[in-house]
Structures are given as structure tokens and as C-alpha cells.
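Each remark here refers to the structure printed beneath this line.
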Amino acid sequence: MDACRDVNQVPEGVSRLEILRSEPYGEFPNQEYEFFRQSCQHCTNAPCVAVCPTGASFIDKETGIVDVHKDLCVGCQYCIAVCPYRVRFIHPVHRTADKCNFCRDTNLANGKQPACVEACPTKALTFGDMNDPTS
Numbered sequence: 001m002d003a004c005r006d007v008n009q010v011p012e013g014v015s016r017l018e019i020l021r022s023e024p025y026g027e028f029p030n031q032e033y034e035f036f037r038q039s040c041q042h043c044t045n046a047p048c049v050a051v052c053p054t055g056a057s058f059i060d061k062e063t064g065i066v067d068v069h070k071d072l073c074v075g076c077q078y079c080i081a082v083c084p085y086r087v088r089f090i091h092p093v094h095r096t097a098d099k100c101n102f103c104r105d106t107n108l109a110n111g112k113q114p115a116c117v118e119a120c121p122t123k124a125l126t127f128g129d130m131n132d133p134t135s
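So for the sequence shown, full-length UniProt numbering puts the first residue at 1; every next one is plus one.
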């Protein structure tokens with residue numbers, strides 16, 4: 001999460017992604033955990049886009065990435081209220097909606113992978129088109 005925060009200038013107290021840990025399973029002392037990434041799922045029919053009164057929330061037609069035009073966002077929080085994954089927040093500095101956009105304006109714009117993918121210590125995160133193994 002620090003890599004995301006650094007690359008995208010996300011202040012402490014808010015986050016574009018969260019890593020959740022399951023309850024332990026197995027018998028002590030051989031207990032194990034599962035870890036889950038919780039972030040924007042870039043919905044095909046994104047409710048945040050449908051509810052946005054200004055058109056600030058949008059789906060990039062070329063990439064399918066759900067993003068926010070910060071210059072159009074008025075901070076009404078409708079998108080936050082309807083997000084089924086509860087992964088949007090109001091950026092405390094910009095006062096606009098923010099969320100994971102796969103580092104679209106930072107790493108992706110520079111031909112790199114999203115910060116979380118680059119920083120994942122176990123290489124569990126990947127990025128690309130699941131239907132295109134060369135992506």
C-alpha cells in the first residue's frame with residue numbers, strides 16, 4: 001500500500017486498496033491465512049458512473065478502467081454510496097472522489113506496471129488482459 005500511496009500521492013488515512021487477512025484456519029501451530037486484495041473492480045456496468053451527476057466518474061472506452069475526472073467532481077459522494085466494494089473515498093487534499101485507477105496517470109503512463117504489482121513481495125498480483133497472455 002505504501003507503493004501506491006507514494007506513486008499516486010495518496011495521503012495517510014486513506015487508501016486506494018486494502019489487503020484483508022482471513023481468519024486463521026488449520027490446527028495450531030500449523031495455522032494459515034489467506035490474503036485478499038480489495039480495490040476497485042472496474043465494473044463493466046459501474047454504478048458509480050451511472051449515479052455521477054457531473055460525468056466525473058467514467059469508464060475509459062479504450063482500457064475499460066473506471067476513473068474520475070477530478071476537474072468535474074464536486075465531491076457529492078454519490079459514487080461512494082453506491083460502490084458495492086466500498087473502495088472509493090474523498091481525497092482529503094483535493095476534496096474529490098478517488099480510487100484505484102491502476103496507476104493510469106503515473107506508472108501506466110510511463111509504460112510500467114501498477115505500483116502494487118511492482119511492489120508485491122510474493123508476486124501474487126498481476127496486471128493485464130486475462131484473455132491475452134501477452135498483455
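C-beta: ideal position from N, C-alpha, C; glycine also. What you are looking at is a predicted structure, and each value in this text was computed from that prediction instead of being measured.
Counting other Cβ atoms within 10 Å of its Cβ, L17 reaches 16 or more and is therefore classed as buried. Q77 and G64 have their C-alpha atoms spaced approximately 22 Å apart. Bridge pairing for A81: absent [DSSP]. Counting along the chain, E118 sits inside the alpha helix (DSSP H) bounded by residues 115–119. It is roughly 44 Å from the alpha-carbon of D67 to the alpha-carbon of P29.
In the DSSP assignment, I90 forms a beta bridge with A97. For R5, no beta strand (DSSP E) run applies; the uninterrupted alpha helix (DSSP H) run containing it begins and ends at 2–8, by DSSP.
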